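Enquirer: Let me give you the structure first, and then I'll get to my questions.
Protein chains: 2
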Amino acid sequence: SKALTIDEEVAKLLELKARLGGDDGKHQFVLKTAKGTRDYNPKQMAIREKVFNTIISCFKRHGAETIDTPVFELKETLTGKYGEDSKLIYDLKDQGGELLSLRYDLTVPFARYLAMNKITNIKRYHIAKVYRRDNPAMTRGRYREFYQCVNDRRILDGMFAVCGVPDDKFRTICSTVDKLDKMPWEDVKKEMVNEKGLSEEAADQIGEYVSMQGGMDLAERLLQDQKMSQSKQACAGLSDIKLLFSYLQLFQVTDKVVFDLSLARGLDYYTGIIYEAVLSQAGVAPVSTEAQNGPPGEESVSVGSVAGGGRYDGLVGMFDPKGRKVPCVGVSIGIERIFSIMEQKAEASAEKVRTTEVQVMVASAQKNLLEERLKLVTELWNAGIKAEVMYKKNPKLLSQLQHCEESGIPLVAILGEQELKDGVVKLRVVATREEVDICRADLIEEVRRRTSDAS
Amino acid sequence: SKALTIDEEVAKLLELKARLGGDDGKHQFVLKTAKGTRDYNPKQMAIREKVFNTIISCFKRHGAETIDTPVFELKETLTGKYGEDSKLIYDLKDQGGELLSLRYDLTVPFARYLAMNKITNIKRYHIAKVYRRDNPAMTRGRYREFYQCVNDRRILDGMFAVCGVPDDKFRTICSTVDKLDKMPWEDVKKEMVNEKGLSEEAADQIGEYVSMQGGMDLAERLLQDQKMSQSKQACAGLSDIKLLFSYLQLFQVTDKVVFDLSLARGLDYYTGIIYEAVLSQAGVAPVSTEAQNGPPGEESVSVGSVAGGGRYDGLVGMFDPKGRKVPCVGVSIGIERIFSIMEQKAEASAEKVRTTEVQVMVASAQKNLLEERLKLVTELWNAGIKAEVMYKKNPKLLSQLQHCEESGIPLVAILGEQELKDGVVKLRVVATREEVDICRADLIEEVRRRTSDAS
Chain H
1 SKALTIDEEV
11 AKLLELKARL
21 GGDDGKHQFV
31 LKTAKGTRDY
41 NPKQMAIREK
51 VFNTIISCFK
61 RHGAETIDTP
71 VFELKETLTG
81 KYGEDSKLIY
91 DLKDQGGELL
101 SLRYDLTVPF
111 ARYLAMNKIT
121 NIKRYHIAKV
131 YRRDNPAMTR
141 GRYREFYQCV
151 NDRRILDGMF
161 AVCGVPDDKF
171 RTICSTVDKL
181 DKMPWEDVKK
191 EMVNEKGLSE
201 EAADQIGEYV
211 SMQGGMDLAE
221 RLLQDQKMSQ
231 SKQACAGLSD
241 IKLLFSYLQL
251 FQVTDKVVFD
261 LSLARGLDYY
271 TGIIYEAVLS
281 QAGVAPVSTE
291 AQNGPPGEES
301 VSVGSVAGGG
311 RYDGLVGMFD
321 PKGRKVPCVG
331 VSIGIERIFS
341 IMEQKAEASA
351 EKVRTTEVQV
361 MVASAQKNLL
371 EERLKLVTEL
381 WNAGIKAEVM
391 YKKNPKLLSQ
401 LQHCEESGIP
411 LVAILGEQEL
421 KDGVVKLRVV
431 ATREEVDICR
441 ADLIEEVRRR
451 TSDAS
Chain P
1 SKALTIDEEV
11 AKLLELKARL
21 GGDDGKHQFV
31 LKTAKGTRDY
41 NPKQMAIREK
51 VFNTIISCFK
61 RHGAETIDTP
71 VFELKETLTG
81 KYGEDSKLIY
91 DLKDQGGELL
101 SLRYDLTVPF
111 ARYLAMNKIT
121 NIKRYHIAKV
131 YRRDNPAMTR
141 GRYREFYQCV
151 NDRRILDGMF
161 AVCGVPDDKF
171 RTICSTVDKL
181 DKMPWEDVKK
191 EMVNEKGLSE
201 EAADQIGEYV
211 SMQGGMDLAE
221 RLLQDQKMSQ
231 SKQACAGLSD
241 IKLLFSYLQL
251 FQVTDKVVFD
261 LSLARGLDYY
271 TGIIYEAVLS
281 QAGVAPVSTE
291 AQNGPPGEES
301 VSVGSVAGGG
311 RYDGLVGMFD
321 PKGRKVPCVG
331 VSIGIERIFS
341 IMEQKAEASA
351 EKVRTTEVQV
361 MVASAQKNLL
371 EERLKLVTEL
381 WNAGIKAEVM
391 YKKNPKLLSQ
401 LQHCEESGIP
411 LVAILGEQEL
421 KDGVVKLRVV
431 ATREEVDICR
441 ADLIEEVRRR
451 TSDAS
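Chains as they are written, first to last, in the UniProt record's numbering: chain H, 1 to 455; chain P, 1 to 455.
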């Protein structure tokens with residue numbers, strides 16, 4: 001096609017231009033990352049590492065294994081799994097060979113992995129990036145409290161049925177309910193009636209239910225509800241919510257979890273329980289599970305979902321040639337949002353974020369000691385000490401000490417003619433400026449002793 | 001264009017087909033990962049984690065910071081950086097918006113990052129996947145020895161000049177020299193003469209030089225070489241090789257490094273020293289640096305490069321509007337190859353690879369103790385102990401113990417009516433079958449004490 005040929009020509013010309021530029025290239029292209037993506041600098045990475053370590057240690061504490069899958073999948077693996085969100089999938093260019101797409105989440109590749117390897121039993125975590133052609137609006141705020149909302153797709157479907165929603169409109173009405181965290185009920189109702197063709201009466205009945213929040217008692221009350229109890233599906237969901245709350249009591253976390261009938265989740269593949277972890281503004285208590293119903297008070301407006309998930313018992317079966325189902329339940333944690341909160345916290349705090357773990361800097365006050373510095377730093381490295389040396393031939397002592405101040409290195413091992421003659425190293429504590437001569441043979445032990453928490 | 005329309009129609013039909021399949025979907029597509037990609041199962045991930053930890057701890061020991069960049073870049077960021085390898089870049093489909101490509105290496109995005117943030121001084125490591133439309137032939141073997149080859153692009157260019165290679169053929173002849181690790185000299189020469197149009201005389205002169213291997217003494221000898229010494233470039237490279245070997249002496253690693261004139265490296269952007277880490281077969285000693293010259297003996301055939309890199313002083317300038325250069329030097333480690341060697345080693349060894357770090361399994365021998373098991377495991381989790389519990393209501397003790405055997409869990413905390421009455425827990429050591437009653441209040445300390453290396 002013509003479009004392709006032009007593209008190819010443009011690419012060739014650009015390449016030629018860049019080649020001609022060679023080492024002196026003074027090109028005028030815009031220096032940026034792709035839209036919707038970002039770099040992480042060392043300080044941001046230090047924070048990200050801390051967040052990851054917290055999450056990973058939680059998964060490990062609960063005995064989870066980890067897996068990894070490729071960043072792209074066959075396009076057909078992702079086809080028909082995401083409903084209205086499918087348009088946000090990044091496709092790779094057809095360069096001959098297979099049609100590929102970047103993964104949109106980790107759930108569908110996981111289901112593909114289970115079906116491919118005929119695994120029916122695994123508790124796994126998977127940390128990796130996913131790609132959506134989206135413009136995520138990153139709300140930043142001072143979040144302190146967090147709680148979880150739970151609901152069940154069967155309760156939603158049962159509710160839709162008893163409210164008079166036609167079967168073929170369940171998924172699309174569910175997508176509209178999902179907007180309740182961003183839109184007031186009036187607008188959600190308008191979308192149901194005007195765009196999705198629902199009767200006003202049905203919408204009003206839904207509106208009554210989705211305003212309900214509570215705990216085990218709400219589940220019990222709805223099991224007695226004249227309308228809701230007519231739906232077998234809803235009753236199955238409500239019984240499971242009751243069972244869940246009995247487990248939450250054993251885990252002593254009932255105060256963190258709210259049964260919320262407005263929670264819908266966007267994705268198509270959920271079949272049972274669904275949940276979201278929500279951050280609420282600093283100082284605002286989470287909605288009490290004791291609350292009977294009614295919309296949440298103005299103070300408790302949720303300002304961000306940082307995790308979400310649910311049960312997806314049908315997804316693996318979509319990949320199995322014989323349609324064999326494997327029940328699955330999981331959660332996805334939105335690292336970017338958590339990271340952005342942590343980053344803001346670090347910015348606000350006076351404490352310095354260290355980007356390296358260096359324990360000691362090998363320095364000298366005199367000239368012509370590069371070789372001696374390299375020999376000493378080699379000794380330290382070989383002993384497993386995290387150590388650094390400046391690469392200049394004759395750096396000034398002041399600039400060596402300044403580097404320690406800036407990057408938070410706690411100790412300096414200073415070499416001079418006298419120290420070399422005496423077989424010692426002058427060990428300086430950066431924070432206190434205290435200096436003490438250490439016998440060279442004892443240096444490694446001394447550094448270890450003084451930095452035992454960082455090593 | 002017509003092609004695009006057909007693609008879109010096919011995608012729509014596929015999606016429709018998948019939707020109609022719904023939860024019962026019995027689709028007949030091939031269940032596989034994209035060509036050239038693979039999944040990692042928990043055992044493989046445990047090995048990968050070990051490899052990563054070794055590498056990361058080395059970078060941290062030397063005071064490196066880490067950064068991250070997006071998996072895709074603007075297409076023009078990658079254009080004109082890779083020479084003949086550019087055809088292996090994965091492009092994303094034009095779905096409206098920017099033209100994007102998956103990163104081909106981490107070096108070009110790093111240079112883009114430096115130019116964008118005006119950084120002139122950083123020691124960074126970056127662990128991430130890169131994407132090449134390639135069919136990498138993964139050689140697996142029992143590697144034990146490893147050594148590093150070094151050369152300098154200026155020595156190669158100087159050598160090409162004094163051997164009579166025309167200036168505009170330097171890069172393409174360099175690409176041919178790069179094939180010496182896969183092809184015998186005769187075939188390399190044929191490519192130079194027949195495909196690239198070099199004179200036979202020039203090729204023969206190159207052939208003489210590229211057979212040379214040695215250490216500092218070879219560099220000294222070549223500085224005296226009648227032909228080579230005519231090239232200023234070559235002399236600058238040779239002097240730096242000498243300086244490098246003087247540092248290697250201080251680091252006590254001269255026995256691991258060989259100055260090898262046949263090393264060329266594929267990529268265009270190198271401007272000075274280049275190097276590769278090479279694995280040689282088990283029991284075969286690395287080429288001695290004392291060897292004067294001549295091709296390596298038959299026993300020391302290299303079987304795989306696991307890392308490589310070099311100096312690329314021109315790359316950042318290609319991104320700077322004013323062409324300001326930032327000198328850079330780096331190494332890239334081929335994790336996949338190292339991983340494949342470690343995996344083979346693990347397979348050959350009798351030792352079991354643990355995929356979790358669980359310290360204790362909470363079990364019961366009697367029925368109706370699910371609640372008690374959940375309470376105890378919650379206590380352990382809250383104390384930071386890595387613990388697990390079977391999800392069945394009334395699992396058999398034998399199957400609980402079998403799970404421990406299979407997944408390498410060292411301890412079992414067994415609850416029964418009697419233990420609950422006595423306020424104790426029966427702690428069983430899986431390996432020895434020894435059982436001892438522990439006062440419930442002391443359980444956490446006891447588990448910590450017995451698994452102190454794993455916690």
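Here a beta-carbon is modelled for each residue, glycine too, at the ideal position from N, C-alpha and C. What you are looking at is a predicted structure, and each value in this text was computed from that prediction instead of being measured.
By alpha-carbon positions, which one of H/Lys386, H/Gln344 and H/Gly63 ends up nearest to H/Lys43?
Expert: With distances taken between Cα atoms, H/Lys43 lies closest to H/Gln344.
Enquirer: Between the beta-carbon of P/Tyr104 and the beta-carbon of P/Val130, is there less than 9 angstroms?
Expert: A contact, by the Cβ cut-off of 9 angstroms.
Enquirer: Contact criterion: CB-CB distance below 9 angstroms. Does P/Thr355 meet it with respect to chain H?
Expert: For P/Thr355, the answer is yes, since a Cβ of chain H falls inside 9 angstroms of its Cβ.
Enquirer: Of all Cβ atoms in chain H, is any one closer than 9 angstroms to the Cβ of P/Gly197?
Expert: P/Gly197 does not count as touching chain H.
Enquirer: Using beta-carbon positions only, say whether P/Phe259 and P/Gln213 come within less than 9 angstroms of one another.
Expert: Against a cut-off of 9 angstroms, the Cβ pair of P/Gln213 and P/Phe259 comes out as a contact.
Enquirer: Mind listing which residues of the stretch 67 to 80 of chain H have their C-beta closer than 9 angstroms to chain P's C-betas, in chain order?
Expert: Answer set for the stretch 67 to 80 of chain H: Ile67, Asp68, Thr69, Pro70, Val71, Phe72, Glu73, Leu74, Lys75, Glu76, Thr77, Thr79 and Gly80.
Enquirer: Per the contact definition of three or more C-beta pairs closer than 8 angstroms, is the stretch 412 to 426 of chain H in contact with the stretch 439 to 447 of chain H?
Expert: Flag = yes, the stretch 439 to 447 of chain H and the stretch 412 to 426 of chain H touch.
Enquirer: For H/Ile274, I'd like the list of residues in its chain whose CB is within less than 8 angstroms of its CB, leaving aside the five on either flank, ordered along the chain.
Expert: Contacts found: Val150, Asn151, Asp152, Arg153, Leu263, Ala264, Arg265, Gly308, Gly309, Gly310 and Arg311.
Enquirer: Are at least three pairs of beta-carbons, each pair with one atom in the stretch 318 to 330 of chain P and one in the stretch 95 to 112 of chain P, less than 8 angstroms apart?
Expert: Yes, since at least three Cβ pairs between the stretch 318 to 330 of chain P and the stretch 95 to 112 of chain P fall closer than 8 angstroms, the two stretches touch.
Enquirer: State the DSSP-derived secondary structure class of P/Lys322, mapped to helix, strand or coil.
Expert: Coil, per DSSP.
Enquirer: Listing by chain order, which chain H residues have their CB less than 8 angstroms from the CB of P/Arg154?
Expert: Per Cβ cutoff of 8 angstroms: no residues; P/Arg154 is ~13 angstroms from chain H at best.
Enquirer: When you compare only the Cα positions, how much space is there between H/Lys182 and H/Glu336?
Expert: Cα to Cα, H/Lys182 sits roughly 19 angstroms from H/Glu336.
Enquirer: Assign H/Leu223 to one of three DSSP states: helix, strand, or coil.
Expert: It is helical.
Enquirer: Do P/Ala232 and P/Gly158 have their C-beta atoms within less than 9 angstroms of each other?
Expert: It should be noted that the sequence gives Lys, not Ala, for residue 232 of chain P. Yes, the Cβ-Cβ distance between P/Lys232 and P/Gly158 is below 9 angstroms.
Enquirer: Quick one: is H/Ser452 buried, meaning 16 or more other Cβ sit within 10 Å of its Cβ, or exposed?
Expert: Classification of H/Ser452: exposed, given that the 10 Å Cβ count is below 16.
Enquirer: Am I right that H/Val362 and H/Ala413 are in contact with their C-beta atoms under 8 angstroms? What's the rounded C-beta distance?
Expert: Contact holds; Cβ gap of about 5 angstroms.
Enquirer: Flag H/Trp381 as yes if its beta-carbon sits less than 9 angstroms from any beta-carbon of chain P, otherwise no.
Expert: It does: the Cβ of H/Trp381 has a partner Cβ on chain P nearer than 9 angstroms.
Enquirer: What residue from H/Val377, H/Asp187 and H/Arg450 has the CA that sits closest to P/Phe251's CA?
Expert: Nearest of H/Val377, H/Asp187 and H/Arg450 to P/Phe251, Cα basis: H/Val377.
Enquirer: What residues from chain P crowd round H/Pro327, counting only those whose CB sits closer than 7 angstroms?
Expert: Under the 7 angstroms cutoff, chain P gives no residues; its nearest Cβ is about 11 angstroms from H/Pro327.
Enquirer: Quick check on H/Gly25: does DSSP put it in helix, strand or coil?
Expert: Its pLDDT being 44, under 50, H/Gly25 is placed unreliably by the model, and nothing is read from it.
Enquirer: Short check: CB of P/Tyr82 to CB of P/Leu267, under 9 angstroms?
Expert: Their beta carbons are under 9 angstroms apart, which means P/Tyr82 touches P/Leu267 by this criterion.
Enquirer: Is H/Gly97 close to chain P? Criterion is C-beta to C-beta, closer than 9 angstroms.
Expert: Output row for H/Gly97: interface = yes.
Enquirer: What three-state label does DSSP hand H/Cys404 in the structure shown?
Expert: Three-state result, H/Cys404: helix.
Enquirer: Are the CB atoms of P/Asp204 and P/Lys189 nearer to each other than 9 angstroms?
Expert: For P/Asp204 and P/Lys189, yes; Cβs fall inside 9 angstroms.
Enquirer: Any beta-carbon of chain H closer than 9 angstroms to the one on P/Ile47?
Expert: No, P/Ile47 lies away from the interface with chain H (no Cβ there is under 9 angstroms from its Cβ).
Enquirer: Would you mind telling me which residues of chain H sit closer than 8 angstroms to P/Pro42, beta carbon to beta carbon, in chain order?
Expert: Going along chain H in sequence order, the residues near P/Pro42 (Cβ under 8 angstroms) are Glu65, Thr66, Ile67, Ile122 and Arg124.
Enquirer: Measure the CB-CB distance between P/Leu315 and P/Ala161 and report whether it falls below 9 angstroms.
Expert: The answer is no: Cβ separation not under 9 angstroms.
Enquirer: Would you please verify whether the beta carbon of P/Gln252 is less than 9 angstroms from any beta carbon of chain H?
Expert: Yes, its Cβ sits closer than 9 angstroms to a Cβ of chain H.
Enquirer: Taking just the CA atoms, how far does H/Lys196 sit from H/Gly207?
Expert: Between H/Gly207 and H/Lys196, the C-alpha separation is close to 15 angstroms.
Enquirer: In the DSSP assignment, the beta strand (DSSP E) including H/Asp260 goes from what residue to what residue?
Expert: Its beta strand (DSSP E) spans residues Val257 to Asp260.
Enquirer: Are the beta-carbon atoms belonging to P/Ile341 and P/Leu397 less than 9 angstroms from one another?
Expert: No, the pair does not count as a contact, with Cβ atoms beyond the cut-off.
Enquirer: Compare the Cα-Cα distances from H/Gly96 to each of P/Arg133, P/Val306 and P/Ser305 and report the closest residue.
Expert: Nearest C-alpha to H/Gly96: P/Arg133.
Enquirer: Does the structure place the stretch 111 to 123 of chain P close enough to the stretch 318 to 325 of chain P that three or more beta carbon pairs sit under 8 angstroms?
Expert: Contact between the stretch 318 to 325 of chain P and the stretch 111 to 123 of chain P is present, because at least three Cβ pairs lie under 8 angstroms.
Enquirer: In chain H, what lies closer than 7 angstroms to P/Val358 by C-beta?
Expert: Gly63, listed in chain order.
Enquirer: How many whole angstroms separate the CB atoms of P/Gln375 and P/Asn394, which I take to be in contact at a CB cut-off of 8 angstroms?
Expert: Note on residue identity: the sequence assigns Lys, not Gln, to residue 375 of chain P. That pair is no contact at about 16 angstroms.
Enquirer: Are the C-beta atoms of H/Ala441 and some chain P residue less than 9 angstroms apart?
Expert: Not one chain P Cβ lies under 9 angstroms of H/Ala441.
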